[in-house]
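Chemist: Numbering (the UniProt record's numbering), first residue to last: 1 to 281.
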């Protein structure tokens, strides 16, 4: 199956330029509800970078990109967010030619990527394909006898109610996660995602804090104030198709998996990547 078969011709292509400011990119992420954006050269439309919500979490959450704030702006985040995205984007990202096979794309996603630019042989951007795009196209090819227990991540890393946004950002960056279930004594209380971080950073309240230099008031926010408490769950015996449907119909990136005999106890999580990994088996 060629990659062209999984491309949605109606999907809006959102692209940025290296000179786009970080604050403008953040606004686009929030307004369009996307977690990654392709960066192209303004003259040639060739892909030169990718900006993800993880890059933003890295900048504000004390990751390696935070060093830019210290070295260039003496810790002034308000000055930093007006810098061009070329300062924090991933340069020369992996891209996939339109002539490639879908299985090559699936393998790349399973390996590490959540979305990849699809380009012509001249590296001109065609579109961006995400894990969710693939799931929607490959759903009918999944083994309908597969259960969630065959694909889920068991004993996932959990956040606790008392942790702050800064705490969780560090855990996400250290482990390469985009979301964490939140639990108390093993019982599921909610889920916190990198998108929640982006929404807060892009809010008027946070913008005022950045102007006054009070970044700690943002990163010290308790995740219990931001997390999604109305969490949809499944159990290990549910079919993998049920998980895919729940993800696609609700725009979820992952679903917490709970003990069927104790629906509050979390026993796993299933992500888009987990399902694509199962597809490769």
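Ideal Cβ placement from N, Cα and C applies to all residues, glycine included.
The structure presented is a predicted model; accordingly, all values stated were derived computationally and were not measured.
Please tell me whether residue 138 and residue 222 are closer than 9 Å, where the distance is taken between their beta carbons.
Modeler: Not in contact: residue 138 and residue 222 (Cβ atoms no closer than 9 Å).
Chemist: One question on the structure: do residue 54 and residue 47 come within less than 9 Å of each other, judged by their Cβ atoms?
Modeler: Contact: no.
Chemist: With a threshold of 8 Å on Cβ separation, who are the neighbours of residue 217 within its own chain once the five nearest residues in sequence on each side are excluded?
Modeler: Excluding positions up to five away in sequence, the list reads 209.
Chemist: Of all the options 267, 168, 121, which has the alpha carbon lying nearest to the alpha carbon of residue 186?
Modeler: Ranking 267, 168, 121 by Cα distance to residue 186 puts 267 first.
Chemist: Below 8 Å, can you find three or more Cβ-Cβ pairs linking the segment 127-137 to the segment 187-202?
Modeler: As far as the Cβ criterion goes, the segment 127-137 does not touch the segment 187-202, which means the pair count is below three.
Chemist: Once DSSP output is grouped into helix, strand and coil, what is the label at residue 310?
Modeler: Examination of residue 310 is not possible in this model, given that the chain is present from 1 through 281 alone.
Chemist: Below 7 Å CB to CB, which residues in the same chain sit around residue 243 once its five sequence neighbours on both sides are set aside?
Modeler: 148, 234, 255, 270, 275, listed in sequence order.
Chemist: Below 8 Å on the Cβ atoms is my guess for residue 104 versus residue 96; work out the distance and round it to an integer in Å.
Modeler: Confirmed, Cβ separation roughly 7 Å.
Chemist: Determine the DSSP secondary structure at residue 264, reduced to helix, strand or coil.
Modeler: If DSSP states are grouped into helix, strand and coil, residue 264 belongs with the strands.
Chemist: Considering just the uninterrupted stretch of the alpha helix (DSSP H) at residue 243, what are its terminal residues?
Modeler: Start and end: 240-250.
Chemist: Mapping the DSSP letters down to three states, classify residue 81 as helix, strand or coil.
Modeler: Here residue 81 sits in coil by DSSP.
Chemist: Given residue 168, which residues of its chain have a CB within under 7 Å of its CB, disregarding the five upstream and five downstream residues?
Modeler: Here the set comprises 159, 180, 192, 223.
Chemist: From residue 177 to residue 273, what does the alpha carbon distance come to, in whole angstroms?
Modeler: About 11 Å.
Chemist: Just the C-alpha distance for residue 102 and residue 135, rounded to the nearest angstrom, thanks.
Modeler: Roughly 12 Å separates the two Cα atoms.
Chemist: Among 11, 44, 63, whose alpha-carbon lies nearest the alpha-carbon of residue 172?
Modeler: Measuring from the Cα of residue 172, the nearest candidate turns out to be 63.
Chemist: Could you name each continuous beta strand (DSSP E) segment of 3 residues or more that falls completely within the segment 109-153, going from the start of the chain to the end?
Modeler: Runs of the beta strand (DSSP E) inside the segment 109-153: 115-119, 125-130.
Chemist: Ordered along the chain, which non-local residues of its own chain (more than five positions away) have a Cβ less than 7 Å from that of residue 23?
Modeler: Closer than 7 Å at the Cβ level, and outside the excluded window around residue 23, lie 81, 82.
Chemist: Roughly how many angstroms separate the alpha carbons of residue 60 and residue 143, rounded to a whole number?
Modeler: Roughly 41 Å between the two C-alpha positions.
Chemist: Considering residue 274, what are the terminal residues of the alpha helix (DSSP H) in which it resides?
Modeler: That run of the alpha helix (DSSP H) goes 272-280.
Chemist: What are the boundary residues of the alpha helix (DSSP H) that residue 166 is part of?
Modeler: Where residue 166 is concerned, the enclosing alpha helix (DSSP H) stretches over 165-175.
Chemist: Under three-state DSSP, which class holds residue 232?
Modeler: Residue 232 falls in the coil class under three-state DSSP.
Chemist: Tell me whether residue 220 sits in a helix, a strand or coil according to DSSP, three-state version.
Modeler: Note: residue 220 maps to coil in three-state DSSP.
Chemist: Three-state secondary structure (DSSP) at residue 98?
Modeler: Of the three classes helix, strand and coil, the one that applies to residue 98 here is coil, per DSSP.
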